[in-house]
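Below is one structure, written out as structure tokens; comments come after it.
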Amino acid sequence: MPVESPYPRIDIPAVSVYDQVFGTLAPEDEARTAITDAATGVTVTYGELRRQVDLFAGALAARGIGVGDVVALHCPNTHAFAVAFHGIMRAGASVTTVGSLNTAEDVAKQITLSGASLLFTVGLLGTNGVTGARDAGLPDDAVIDLTDGERGLAAMLQQGHPAPEVSFDPATHVAVLPFSSGTTGVPKGVKLSHTNLVANILQTLPQVVANGQGRDSTVMAVLPFFHIYGMNTVLNTTLANRAHLVTMPSFDLKRFLELHQAHGIDFTFVAPPIAVVLAKHPLVDDYDLDKLSTLLSGAAALDHALAAAVQERLGVTVVQGYGMTETSPVTHTGIRGTTPLDSIGLPVANTECKVVDLTDDALGEILPPGNEQERSGAGEMWVRGPQVMLGYLDNEEATANTLLEGGWLRTGDVAEYDHEGNLYVVDRAKELIKYKGYQVAPAELEALLMTHDDVADAAVVGFIREEDGEELPRAFVVAQVRDGHPVEIDTGALMEWVAEQVAPYKKVRMVEIVAEIPKSGTGKILRKNLRGVPVGGAS
Numbered sequence: 001m002p003v004e005s006p007y008p009r010i011d012i013p014a015v016s017v018y019d020q021v022f023g024t025l026a027p028e029d030e031a032r033t034a035i036t037d038a039a040t041g042v043t044v045t046y047g048e049l050r051r052q053v054d055l056f057a058g059a060l061a062a063r064g065i066g067v068g069d070v071v072a073l074h075c076p077n078t079h080a081f082a083v084a085f086h087g088i089m090r091a092g093a094s095v096t097t098v099g100s101l102n103t104a105e106d107v108a109k110q111i112t113l114s115g116a117s118l119l120f121t122v123g124l125l126g127t128n129g130v131t132g133a134r135d136a137g138l139p140d141d142a143v144i145d146l147t148d149g150e151r152g153l154a155a156m157l158q159q160g161h162p163a164p165e166v167s168f169d170p171a172t173h174v175a176v177l178p179f180s181s182g183t184t185g186v187p188k189g190v191k192l193s194h195t196n197l198v199a200n201i202l203q204t205l206p207q208v209v210a211n212g213q214g215r216d217s218t219v220m221a222v223l224p225f226f227h228i229y230g231m232n233t234v235l236n237t238t239l240a241n242r243a244h245l246v247t248m249p250s251f252d253l254k255r256f257l258e259l260h261q262a263h264g265i266d267f268t269f270v271a272p273p274i275a276v277v278l279a280k281h282p283l284v285d286d287y288d289l290d291k292l293s294t295l296l297s298g299a300a301a302l303d304h305a306l307a308a309a310v311q312e313r314l315g316v317t318v319v320q321g322y323g324m325t326e327t328s329p330v331t332h333t334g335i336r337g338t339t340p341l342d343s344i345g346l347p348v349a350n351t352e353c354k355v356v357d358l359t360d361d362a363l364g365e366i367l368p369p370g371n372e373q374e375r376s377g378a379g380e381m382w383v384r385g386p387q388v389m390l391g392y393l394d395n396e397e398a399t400a401n402t403l404l405e406g407g408w409l410r411t412g413d414v415a416e417y418d419h420e421g422n423l424y425v426v427d428r429a430k431e432l433i434k435y436k437g438y439q440v441a442p443a444e445l446e447a448l449l450m451t452h453d454d455v456a457d458a459a460v461v462g463f464i465r466e467e468d469g470e471e472l473p474r475a476f477v478v479a480q481v482r483d484g485h486p487v488e489i490d491t492g493a494l495m496e497w498v499a500e501q502v503a504p505y506k507k508v509r510m511v512e513i514v515a516e517i518p519k520s521g522t523g524k525i526l527r528k529n530l531r532g533v534p535v536g537g538a539s
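Here the sequence shown is numbered in full-length UniProt numbering, starting from 1 and rising by one per residue.
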């Protein structure tokens with residue numbers, strides 16, 4: 001049987017994202033601080049933010065943007081992002097968010113694929129947005145820098161146009177069109193409706209509250225808003241909770257720590273790379289993080305040892321969640337004090353999941369749960385709920401391969417579950433290393449390598465041994481820095497150290513020392529970038 005959510009079912013209203021986040025704003029909450037923009041120093045209340053969103057929507061409507069249009073937003077975590085993002089949806093248009101680090105070619109491709117007729121960017125991100133928009137054929141007047149005094153955010157708000165009256169079906173109208181991270185393949189446009197996002201706000205809100213985010217919390221917002229985790233979990237759900245967001249345009253450890261100390265931040269959403277730094281970097285000890293109570297980690301699996309190290313060092317509670325772009329994003333969250341550290345917890349309200357057999361002779365069969373002594377076997381996690389996407393943009397084949405009969409979505413993640421229903425993500429199905437009939441999870445070896453005192457970061461991929469065609473584990477590691485210099489790592493000794501702690505088929509057969517591990521903007525290891533590195537060619 002599928003694992004059903006233990007939480008009470010939620011009635012999902014047929015409303016827009018704007019109506020859910022701002023339409024429910026009580027008069028007594030209008031004066032509450034909504035956002036502090038750490039980059040500009042701008043602070044806005046909830047009442048001010050709602051008025052700015054309305055005015056931005058009015059300015060868009062005045063230039064003919066509305067239902068049926070797509071607007072691209074190329075902007076880091078700032079107050080301007082929140083206004084533009086919600087203003088575009090308030091006008092009835094769909095938002096396609098563009099990664100801050102995207103190349104001009106990436107920007108052009110996304111504008112073309114999404115059909116965007118307008119791009120908002122910021123000078124802070126350089127010229128890639130402007131160049132990409134021009135390469136995609138957008139005229140100059142359809143490319144707007146939000147920081148431009150004559151055409152940008154301030155000028156649009158000063159026009160004073162009221163928000164338009166718009167009508168659409170929230171269950172089918174595309175609110176956002178983010179592109180999946182593409183860690184294992186080509187990024188795809190994901191169609192998420194207003195109902196998808198509203199459902200997930202309502203599913204996630206009680207979970208973050210149970211984990212310590214109150215209405216009086218101050219919340220760190222460094223995970224990128226252009227990604228679904230930052231967009232709907234960090235930004236929208238926190239705004240729906242009427243808490244105070246402190247935004248950072250990009251991660252810088254010193255500034256991150258300064259902001260926690262200065263603002264008394266008590267709740268922080270992180271991805272595993274930030275957890276790694278918090279566990280290992282000496283600079284952390286120089287700051288007062290006593291107000292911080294909860295770190296909620298998502299975007300990739302967080303190992304038990306790393307989570308425990310962060311908890312012990314900072315005196316906080318670490319909780320994991322799970323989601324994907326295709327699920328708006330949250331399907332599972334742990335609850336502090338009850339969920340095992342290395343588990344993503346139980347399905348959120350209105351959500352079911354099942355772990356299915358990946359072997360050819362039992363493909364698709366539900367694996368039985370574990371018992372008190374051990375977990376279930378590993379299989380692919382499938383999920384079902386109101387947060388599941390409408391489908392991929394102009395890609396019927398990919399949609400059919402992902403959305404299955406009965407409303408189930410194939411996550412592509414390999415997971416196990418225990419007798420209580422708690423899920424444990426093992427790895428991506430496409431990234432498992434197959435050796436002599438065994439399956440080796442790169443994430444397991446990466447987690448082990450990260451416990452070594454001399455290793456600051458690690459990634460594992462498979463490589464093909466020429467003499468027999470076998471796929472073997474190959475590790476890329478970053479040396480820990482001590483006294484201002486990276487330590488010398490004996491790769492042979494490191495492989496022996498790993499071999500002493502794993503089954504023979506899991507042994508690392510090659511180690512390369514690198515300056516950094518390639519990762520996506522949300523912290524996922526880009527293993528596809530490492531597979532093509534020639535043996536001995538890492539640097």
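Heads up, the beta-carbon is just placed ideally off N, CA and C, and yes, glycines get one too.
- Judged by DSSP secondary structure, residue 165 falls outside any alpha helix (DSSP H); it is assigned neither H nor E.
- In this structure, DSSP gives residue 282 a helical state, which the three-state scheme calls helix.
- Take residue 207, set aside five residues on each side of it, and the residues of its chain with a beta-carbon closer than 8 angstroms to its own are 321, 330, 333, 335 and 348, in chain order.
- Residue pairing for residue 410: DSSP places it in a beta bridge opposite 382.
- In this structure, residue 254 and residue 283 form a Cβ contact; the two beta carbons are roughly 6 angstroms apart against a cut-off of 8 angstroms.
- In the three-state DSSP reduction, residue 320 falls in the strand class (E or B).
- Rounded to whole angstroms, the Cβ separation of residue 275 and residue 524 is 13 angstroms, and the two are not in contact under 8 angstroms.
- Residue 278 and residue 247 have their C-alpha atoms roughly 19 angstroms apart.
- A Cβ-Cβ distance of about 6 angstroms is found for the pair residue 324 and residue 411, placing them in contact under the 8 angstroms criterion.
- Ranking 73, 148 and 145 by CA distance to the CA of residue 115 puts 73 first.
- Under the three-state reduction of DSSP output, residue 489 falls in the coil class, being neither helix nor strand.
- By the Cβ criterion, the stretch 219-237 is in contact with the stretch 264-275, since at least three pairs of Cβ atoms, one from each stretch, lie closer than 8 angstroms.
- Counted as a single uninterrupted DSSP element, the stretch harbouring residue 227 is not any beta strand (DSSP E), since DSSP gives it neither H nor E.
- Going by beta carbons, residue 449 and residue 458 fall inside the 7 angstroms limit.
- In this structure, DSSP gives residue 478 an extended state, which the three-state scheme calls strand.
- Your pair residue 136 and residue 112 checks out as a contact, with CB atoms roughly 5 angstroms apart and the cut at 8 angstroms.
- Residue pairing of residue 455 in beta bridges, as defined by DSSP: 479.
- Looking at the DSSP output, residue 416 bridges to 424.
- Contact between the stretch 14-30 and the stretch 192-201 is present: three or more C-beta pairs spanning the two stretches fall below 8 angstroms.
- Per DSSP, reduced to three states, the secondary structure at residue 338 is coil, with no helix or strand assignment.
- With respect to the 7 angstroms criterion, residue 97 and residue 122 are not classified as neighbours on the basis of their beta carbons.
- The continuous alpha helix (DSSP H) containing residue 114 extends over residues 104-114.
- Exclusion of the five residues before and after residue 194 leaves 16, 17, 170, 173 and 175 as the residues of its chain whose Cβ lies within less than 7 angstroms of its Cβ.
- Between the stretch 414-422 and the stretch 374-382 there are three or more C-beta pairs closer than 8 angstroms, enough to call the two in contact.
- The stretch 52-63 and the stretch 76-91 touch, with no fewer than 3 CB-CB distances between them shorter than 8 angstroms.
- For the pair residue 45 and residue 31, the CB atoms are nearer than the 7 angstroms cut-off.
- Setting aside the 5 residues that flank it on each side, residue 507 is surrounded in the same chain by 499, each with a C-beta closer than 6 angstroms to its C-beta; the list follows chain order.
- If you draw a 10 Å sphere on the C-beta of residue 465, you find fewer than 16 other C-beta atoms in it, and that means exposed.
- The three-state reading of DSSP puts residue 434 in strand, counting E and B together.
- Note: residue 464 is bridge-paired with 471 in the DSSP secondary-structure output.
- With contact defined as three or more Cβ pairs closer than 8 angstroms, the stretch 365-372 and the stretch 301-309 are not in contact.
- Out of 280, 249 and 233, the CA that lies nearest to the CA of residue 269 is found in 233.
- Counting every other CB atom within 10 Å of its CB across the protein chains shown gives residue 241 a total of 16 or more, marking it as buried.
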